[in-house]
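S.K.:
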Amino acid sequence: MTNVELELKGKPLYLETGLFAKQADGSVIARYGDTVILATAVAKKEAREDVDFFPLTVDYQEKAYAAGKIPGGFFKREGRPSEKEVLTSRLIDRPIRPIFPDGFYSETQGIISVLSFGNENISDILGIIGMSAALSISDIPFDGPVGAVRMGILKDSFVVNPDLQEIGECDFSLVVAGTEDAVLMVEGGGLEIPESVLLEALDIAHKEIKNVVNIQKQLVSLVGKPKRPVVPPQLNEELMKSVSSISLEKIKQAIVISDKLLRQDSLNKILKDVVTELNTGEKDISKDISFLFNKLEKDLVRNMVLDKGVRADGRKPDEVRKISADVGFLPRAHGSSLFVRGETQALAVVTLGTSEDEQRIDALEGESKKAFMLHYNFPPFSVGEVKFLRSAGRREIGHGMLAERALKAILPPKDDFPYTIRIVSDILESNGSSSMATVCGGTLALMDAGVPIKAPVAGIAMGLIKEGERTVVLTDILGLEDHLGDMDFKVTGTDEGITAFQMDVKISGVSREIMANALEQAKKGRLHILGRMKDILSGPRDHLAAHAPRIFTMKIKPDKIREVIGTGGKVIRGIVEQTGVKIDIDDTGNINIASIDEESAKKAISIIEGIIAEAELGKIYTGKVKRIVDFGAFVEILPGTEGLLHISQISDKRVAKVEDVLKEGEEGVPVKVIEIDKMGRIRLSRKEAMKEQEA
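The opening residue of the sequence shown carries number 0 in numbering that gives the first Met the number 0; numbering runs sequentially from there.
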């Protein structure tokens, strides 16, 4: 076994190989504290001939045994990937995908298995590092290594790789991955931060990344295998001349058609005509023609931006598409909006629920509850396609989480607004930046629902066209620009700062200067969009929707919880049956009462107040005789609270037998509290109460 190590925060980070999974092309154990992951990489020997893209799959899986747990469910074994596993798979995939060499089309699979899970909060970071190391030492062509680090921002300080406790205290956190020379991927979110703080965090992160890259290089020098040869795709110059002569001018006219579907239809027709004219020999060269045609289209779109500063839809590089929106148009929804930017439409709908509607999550970190959820759906009709409707895929889960992270920062505290909030974003039409339209639409829907958010949030997707030293940053990118460009940098925030971001590239990284320019340009675009959103709805409505539940809160002493719940839940069930409300009580005595109408909630509150009420010295109560004894009677003055009415306190006149005056079960008996001793025992007087009532 061969290993290398690097000290991080006083602990060694180990990379080991040679013992586990030796039949994989590359396998590495990454170990930090109590967290251990196994990363394996395997690529088929032969390239796929039917594709012109790199078929890479990355799967991150958490084993229950890693945290000393047995999976739930009937079968007691790991099932379909959890949301966290899907998001982490994407996180690991994104920084390694861009640095495989052009022309490598062999199916490649990376699997990252969490074997031991500690409180270091680093399994995803180890996953990136381990996957990069496994690829680097294998014979699979790979232009790494790639390093990664998590940064926490706490007020004015930065925390490198914060653990589970530290991350909970941080205002903002981000994951950064890159090579020795450049950044490949960033994502993060939290409370608003200015662009300058984010750039400072990226600078610190990149220094740490260089150290991680260096230990991988050490491992490669010890056990690295020679890389397989890769033959870059050869350009058929003769065929390119033919394709260009037939289609170049037509493509120039087609790519400036502003309507997405018309532009695509026009390009498809031109391609079809070129194939018909050139694919006449015995050998089918339609794929070669299509490849060259797409290259022509890509070069024309990119050069138009670089040379003229003009984009496919006629906009300038820093120009935002036309924006429109509508709110409150779904009568039964608690909040709704339709946000439209160019040819992208997001229907965002807010539903308010109670604590019963919170999502319960059982993860390696432990069990938790989630009171805010955002679900993003991308149906095939949004891009004019026919596909089977399936459950949410990796892309939908990823986009939903990005938008959720963007909006979470501006939600009111649970104590002030005790609702479970779910936002659903259905993309009805898409031509780029649909996740950012989800953020804008989600903000408007929250305000329409009357959720007292701190400030509106807008999102914008930035692109990049880079050829050598020539670079142009694009604001609010189209689907075409996302496909043919070099970067997708999504930034969300308020007037005050950034709440979330996510950057992916298709090149070997971007410089700090490019990122700084993109952030500055994104801020300008974001503020423009926020202005348009405020024109539509300036702030949260001052009332909830008619069909939204009303939640009332009250606080009781923890030792009274048992009385409100009752034996086996008898008391609380009785209140629910009597009033029709929903009641939730936590261990600290906070009670949330949810009801569609205010009257039912107030009735439930009155009943609970009666249950928890405590006897007051000198106060007169109307009680019920619970039982009679020789020396008096026990009278219930409050639910569950009884006092002793001694025979001498029943009347001014002498009473020989209690039964001569009172009957067991008799109600409406006036009594006054005349003593409460240190044990909490209550003495009552009927005669004193009657005197005061007569007076």
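By construction, the Cβ of each residue, glycine as well, lies at the ideal position given by its N, Cα and C atoms.
Here the structure is a predicted model, which means the values were calculated and not measured.
DSSP three-state call for F380: helix, strand or coil?
M.R.: Of the three classes helix, strand and coil, the one that applies to F380 here is helix, per DSSP.
S.K.: Let's see if you can read the secondary structure: which residues bound the alpha helix (DSSP H) around T437?
M.R.: It spans 433–447 - the alpha helix (DSSP H) in which T437 sits, taken as one unbroken run.
S.K.: Might you give, ordered along the chain, the residues of its own chain that have their beta carbon closer than 6 Å to the beta carbon of G223, omitting 5 neighbours on each side?
M.R.: Contacts found: I136.
S.K.: Please tell me whether S450 and F416 are closer than 8 Å, where the distance is taken between their beta carbons.
M.R.: Looking at the sequence shown, residue 450 is not Ser but Val. A contact, by the Cβ cut-off of 8 Å.
S.K.: Tell me whether S433, by its Cβ, gets closer than 7 Å to a heavy atom of the ligand PLP.
M.R.: No copy of the ligand PLP occurs in the structure displayed, which carries no ligand at all.
S.K.: Less than 8 Å separating the beta-carbons of T34 and L125?
M.R.: It is a contact, given that the beta carbons lie within the stated cut-off.
S.K.: Whose C-beta lies closer than 6 Å to the C-beta of K602 among residues of the same chain, with five residues either side of it excluded?
M.R.: For K602, where only same-chain residues beyond five positions count, the Cβ hits under 6 Å are T578.
S.K.: Any chance you could list the beta strand (DSSP E) runs of at least 3 consecutive residues sitting entirely within the region 283–350, in chain order?
M.R.: If we require 3 residues or more, the beta strand (DSSP E) runs fully inside the region 283–350 come out as 322–326, 334–340.
S.K.: Taking C-alpha atoms, which residue in I459, G146, L55 lies nearest to T107?
M.R.: Checking every option, the nearest Cα to that of T107 belongs to L55.
S.K.: For the beta strand (DSSP E) containing E61, list its first residue and its last residue.
M.R.: It spans 55–61 - the beta strand (DSSP E) in which E61 sits, taken as one unbroken run.
S.K.: What three-state label does DSSP hand I139 in the structure shown?
M.R.: In the structure shown, I139 sits in coil (DSSP, three-state: anything other than H, G, I, E or B).
S.K.: Would the beta-carbon of V159 fall within 8 Å of that of V148?
M.R.: Their beta carbons are under 8 Å apart, which means V159 touches V148 by this criterion.
S.K.: Kindly indicate which residue of I611, L14, A612 has the alpha-carbon position closest to the one of N213.
M.R.: Checked all of I611, L14, A612; the closest Cα to N213 is L14.
S.K.: Taking Cβ to Cβ, would you say L473 is nearer than 8 Å to G462?
M.R.: Cβ distance < 8 Å, so L473 and G462 count as in contact.
S.K.: Hey, P557 and G588 are a contact pair by Cβ (cut 8 Å); roughly how many whole angstroms apart?
M.R.: The pair is a contact, with the Cβ atoms about 5 Å apart (cut-off 8 Å).
S.K.: Going by C-alpha to C-alpha distance, which of Q60, E512, E318, M553 sits closest to E468?
M.R.: The shortest Cα separation from E468 among Q60, E512, E318, M553 belongs to E512.
S.K.: Using 8 Å for Cβ pairs, my map puts L86 next to N120. What's the rounded Cβ distance?
M.R.: No, L86 and N120 are not in contact; Cβ-Cβ is about 15 Å, not under 8 Å.
S.K.: Who are the Cβ neighbours of D24 in its own chain at under 7 Å, not counting the five residues just before and after it?
M.R.: For D24, where only same-chain residues beyond five positions count, the Cβ hits under 7 Å are A40, V41, A42, S137, D138, I139.
S.K.: Could you spell out where the alpha helix (DSSP H) holding D92 opens and where it closes?
M.R.: First-last of the alpha helix (DSSP H) with D92: 82–95.
S.K.: Within the same chain, show all residues whose beta-carbon is closer than 7 Å to that of I571, passing over the 5 residues directly before and after it, in chain order.
M.R.: Once the five neighbours on either side are set aside, the close Cβ partners of I571 are V563, I564, G565, I582.
S.K.: Does the structure place the region 311–330 close enough to the region 338–345 that three or more beta carbon pairs sit under 8 Å?
M.R.: Yes: the two stretches touch, three or more of their Cβ pairs being nearer than 8 Å.
S.K.: Between I590 and the rest of its own chain, which residues show a CB-CB distance below 8 Å, the 5 nearest in sequence each way excluded?
M.R.: So the list reads T552, M553, K554, I555, V563, I582, D583, I584, I607, once near-sequence residues are dropped.
S.K.: Which residues does DSSP pair with E512 in a beta bridge?
M.R.: Per DSSP, none; premise fails for E512.
S.K.: How about G440 and S429: do their beta carbons lie closer than 8 Å?
M.R.: Their beta carbons are not under 8 Å apart, which means G440 does not touch S429 by this criterion.
S.K.: How big is the Cα-Cα spacing for V382 and L427?
M.R.: Distance between the alpha carbons of V382 and L427 is about 8 Å.
S.K.: Looking only at C-alpha atoms, which of E687, Q344, A181 sits nearest to I619?
M.R.: Ranking E687, Q344, A181 by Cα distance to I619 puts E687 first.
S.K.: Anyone know if the C-beta pair for A38 and M150 falls short of 8 Å?
M.R.: Not a contact, by the Cβ cut-off of 8 Å.
S.K.: On a Cα-Cα basis, can you pick out the residue from L543, D534, G177 that is closest to E597?
M.R.: Residue L543 is the option with its Cα nearest to E597.
S.K.: Ends of the beta strand (DSSP E) at N591?
M.R.: Its beta strand (DSSP E) spans residues 589–594.
S.K.: What residues in its chain sit with their C-beta under 7 Å from that of E658, if we drop five residues either side in the sequence?
M.R.: The residues are I627.
S.K.: If you draw a straight line from the C-alpha of G667 to the C-alpha of T621, how long is it?
M.R.: Straight-line Cα distance between these residues: approximately 5 Å.
S.K.: Assign R79 to one of three DSSP states: helix, strand, or coil.
M.R.: Correct three-state label for R79: coil.
S.K.: Would you call the CB atoms of P94 and V145 closer than 8 Å?
M.R.: Yes, Cβ-Cβ distance for P94 and V145 is below 8 Å.
S.K.: Once you ignore the five residues that flank K505 on each side, which residues in its own chain have a CB closer than 6 Å to its CB?
M.R.: Excluding sequence neighbours, K505 sits near P97, D485.
S.K.: At the level of alpha carbons, what is the spacing between E693 and G568?
M.R.: Spanning the two alpha carbons is a distance of roughly 42 Å.
S.K.: Round the Cβ separation of A181 and S510 to the nearest angstrom and send it over; I've been treating them as touching at under 8 Å.
M.R.: 6 Å between Cβ atoms; contact.
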